[in-house]
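K.L.:
Here's a structure for you.
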Amino acid sequence: MKKIIPLLALLFAIQYAAEAQYYRYGVKVGGGFSKAAGSDAPSDQINHLAGMHGGFVFAYEFASRLSVQPELHYSRKGFTYDNYTLNMPPETALAGDLRLDYIELPLMVKLQKAALFVEAGPYMGYLLNVGNKVNIIDLDPRTDPPPVIGREDIDRDDFNSFDAGYAVGAGLMLESGFFLNLRHTGSLRPFPKQDLTQRNLVWQLSIGFLMPARRPGNW
Numbered sequence: 001m002k003k004i005i006p007l008l009a010l011l012f013a014i015q016y017a018a019e020a021q022y023y024r025y026g027v028k029v030g031g032g033f034s035k036a037a038g039s040d041a042p043s044d045q046i047n048h049l050a051g052m053h054g055g056f057v058f059a060y061e062f063a064s065r066l067s068v069q070p071e072l073h074y075s076r077k078g079f080t081y082d083n084y085t086l087n088m089p090p091e092t093a094l095a096g097d098l099r100l101d102y103i104e105l106p107l108m109v110k111l112q113k114a115a116l117f118v119e120a121g122p123y124m125g126y127l128l129n130v131g132n133k134v135n136i137i138d139l140d141p142r143t144d145p146p147p148v149i150g151r152e153d154i155d156r157d158d159f160n161s162f163d164a165g166y167a168v169g170a171g172l173m174l175e176s177g178f179f180l181n182l183r184h185t186g187s188l189r190p191f192p193k194q195d196l197t198q199r200n201l202v203w204q205l206s207i208g209f210l211m212p213a214r215r216p217g218n219w
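1 is the number of the first residue of the sequence shown in full-length UniProt numbering; add one for each residue after it.
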């Protein structure tokens with residue numbers, strides 16, 4: 001009898017998990033704000049940059065209220081130089097936007113109760129393009145606004161191609177398939193190739209839609 005009870009419990013758990021399994025797929029799009037973090041990214045000289053993101057979502061529920069969700073999407077990150085003086089000649093600074101365009105693959109684990117969910121997981125990214133609107137300005141106090149005296153030479157070869165980090169978030173999932181998601185992502189490695197510690201930090205707000213649930217084998 002002692003051996004039968006654990007066996008019945010195991011069979012019940014397997015049956016319960018099998019009945020809970022289903023998948024959904026869809027799309028998401030949204031906007032957010034990003035900036036650089038690190039010892040050489042002082043908050044008074046580095047500001048947020050607005051950016052868009054969007055892509056595809058695949059959700060697989062392997063147990064009741066628990067699912068894994070891989071995604072593939074484009075994401076614009078970066079920041080704004082606001083009179084950035086580190087490693088610059090005296091009386092000069094950097095000013096302007098630096099845009100980093102990534103293709104990213106997050107792998108989120110989601111726990112949902114009713115319409116609310118929380119999520120966490122890692123992500124990997126590949127740098128597609130770098131947009132540079134960064135000028136060198138003269139900080140001579142006798143001129144206001146500071147005049148532009150040159151253009152900072154920045155291109156893709158100055159940055160690491162691969163990025164990796166963490167993502168955490170929460171959201172609202174409606175029965176209609178529409179969802180709202182607030183997510184924070186942080187890079188675990190610097191994005192410049194130079195001896196700098198700057199990493200990506202991003203807050204994103206997304207809206208999306210998932211198709212009705214299907215069971216494995218019912219494509």
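All C-beta atoms, glycine included, are put in the ideal place defined by N, C-alpha and C.
If you're wondering where the values come from, they're calculated on a predicted model, not measured in any experiment.
Would you mind giving the Cβ-Cβ distance between Pro53 and Tyr74, rounded to the nearest angstrom? I have them listed as a contact below 8 Å.
P.N.:
Pro is not the amino acid found at residue 53; the sequence shown has His there. Indeed, because the Cβ distance is near 6 Å, the residues count as touching under 8 Å.
K.L.:
On a Cα-Cα basis, can you pick out the residue from Ala59, Glu71, Phe178 and Asn160 that is closest to Val130?
P.N.:
Asn160
K.L.:
Following the continuous beta strand (DSSP E) through Arg65, name the residue where it begins and the one where it ends.
P.N.:
From DSSP, Arg65 is part of no beta strand (DSSP E); its letter is neither H nor E.
K.L.:
Compute the distance between the beta-carbons of Gln69 and Met124, then report whether it is under 8 Å.
P.N.:
no
K.L.:
Once you ignore the five residues that flank Ser120 on each side, which residues in its own chain have a CB closer than 8 Å to its CB?
P.N.:
The sequence shown places Ala at residue 120, not Ser. Cβ neighbours of Ala120 beyond the five flanking positions: Met108, Val109, Tyr166, Ala167, Val168 and Gly169.
K.L.:
Report the partner residues of Asp163 according to the DSSP bridge assignment.
P.N.:
Gly125
K.L.:
Under a Cβ-count criterion, where at least 16 other Cβ atoms within 10 Å of its own Cβ denotes burial, should Leu67 be classed as buried or exposed?
P.N.:
Residue 67 is actually Ser in this sequence, not Leu. By the Cβ-count criterion, Ser67 is buried, with 16 or more other Cβ atoms from all chains shown falling within 10 Å of its own Cβ.
K.L.:
With burial defined as no fewer than 16 other Cβ atoms inside 10 Å of the residue's Cβ, what is the status of Arg151: buried or exposed?
P.N.:
When all chains shown are included, Arg151 counts as exposed.
K.L.:
If contacts are defined as beta-carbon pairs under 8 Å, then residue 229 and Leu196 qualify, I think. What distance do you get, rounded to the angstrom?
P.N.:
This structure cannot speak to residue 229, because the chain is shown only from 1 to 219.
K.L.:
Keeping to the same chain, check which residues put their C-beta closer than 6 Å to that of Pro212; ignore five residues upstream and five downstream.
P.N.:
none
K.L.:
Residues in the same chain with beta-carbon distance under 6 Å from Ser206, minus the five sequence neighbours each way, listed in chain order, please.
P.N.:
Excluding the 5 residues flanking it on each side, Ser206 has same chain C-beta neighbours closer than 6 Å at Lys28, Gly30 and Asn181, in chain order.
K.L.:
Consult DSSP for Arg189 and reduce its assignment to one of helix, strand or coil.
P.N.:
coil
K.L.:
Tell me, please, whether the stretch 32-46 touches the stretch 73-90 by the rule of three or more beta-carbon pairs shorter than 8 Å.
P.N.:
The stretch 32-46 vs the stretch 73-90: in contact.
K.L.:
Comparing C-alpha positions only, which one of Gly186, Arg183, Leu111 and Thr185 sits nearest to residue 224?
P.N.:
Past the boundaries of the shown model lies residue 224; the chain is included only from 1 to 219, so the question cannot be answered.
K.L.:
Tell me which residues share the same chain as Arg199 and place their Cβ nearer than 6 Å to its Cβ, disregarding the 5 neighbours each side in the sequence.
P.N.:
Ala37, Gly38, Ser187 and Pro190
K.L.:
Any idea which residues DSSP pairs Asn132 with across the strands?
P.N.:
Leu98
K.L.:
May I ask you to report which of helix, strand or coil DSSP gives Arg142?
P.N.:
coil
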